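Take a look at the structure set out below.
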């Protein structure tokens with residue numbers, strides 16, 4: 001059980017390293033005229049506006065991912081345990097591993113902007129004269 005807790009902690013730590021995406025701007029005349037500092041300020045302003053209009057609840061997605069992952073892991077672990085003779089232990093290990101996987105996946109997805117958020121920021125930047133070409 002100690003190994004499982006260690007895996008959970010390492011997984012969560014690695015997830016914290018994933019950064020949030022931001023728009024990439026085409027170097028058009030407007031960007032060259034205002035400069036990188038002003039462009040960063042404008043991107044931050046557009047991001048704040050998009051955040052204020054965001055309706056998604058990332059916390060629910062994280063919990064949901066952990067529940068689904070835990071249930072799936074318990075089923076697989078139980079099946080493996082049935083073959084090896086330890087159904088309970090297999091289900092426990094599988095459930096914890098599945099929940100960890102679902103939690104990590106949910107946290108990662110929650111840290112990434114939704115398509116609506118990206119569209120909002122892109123539109124805001126276009127209104128300011130920029131030409132967003134993608135997100136990284």
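In the numbering used here, the protein residues as written are 1 to 136. Every residue, glycine too, gets a C-beta built ideally from N, C-alpha and C. Small disclaimer: the values here were computed from a predicted structure and weren't measured.
- Item | Distance between residue 112 and residue 43 (C-alpha atoms, nearest Å) | Taking the straight line joining both Cα atoms gives about 16 Å.
- Message: With a threshold of 7 Å on Cβ separation, who are the neighbours of residue 30 within its own chain once the five nearest residues in sequence on each side are excluded?
- Response: The residues are 129, 130.
- Inter-residue spacing [alpha-carbon to alpha-carbon] between residue 92 and residue 86: Rounded to the nearest angstrom, the two C-alpha atoms are 10 Å apart.
- Close-in-space but distant-in-sequence residues of the same chain around residue 57 (CB under 6 Å, 5 per side omitted): Interpretation of residue 57 is limited by its pLDDT of 41, a score under 50 that renders its predicted location unreliable; the figure taken from the coordinates is listed afterwards. The beta carbon of residue 57 is closer than 6 Å to none in its chain, skipping five residues each way along the sequence.
- Determine the extent of the alpha helix (DSSP H) in which residue 35 is found, giving its start and end residues. Taken as a continuous stretch (DSSP letters only), the alpha helix (DSSP H) holding residue 35 covers 29 to 53.
- Thinking residue 125 and residue 23 are a contact (beta carbons under 8 Å), I'd like their distance in whole angstroms, please. Going by Cβ atoms, the distance from residue 125 to residue 23 rounds to 6 Å, so yes, they are a contact pair.
- Message: In this structure, how does DSSP classify residue 129 when only helix, strand and coil are distinguished?
- Response: Three-state DSSP puts residue 129 in coil, outside helix and strand.
- Message: Using only the alpha-carbon positions, how far apart do residue 53 and residue 89 sit?
- Response: If I take the Cα positions, the gap works out to 46 Å.
- Find out if the Cβ-Cβ distance for the pair residue 122, residue 115 is shorter than 7 Å. Their beta carbons are not under 7 Å apart, which means residue 122 does not touch residue 115 by this criterion.
- Message: To the nearest angstrom, how far is the alpha carbon of residue 51 from that of residue 33?
- Response: Approximately 27 Å between the Cα atoms of the pair.
- Cβ neighbour criterion (16 or more within 10 Å) applied to residue 48: Exposed is the label assigned to residue 48, since fewer than 16 other Cβ atoms lie within 10 Å of its Cβ.
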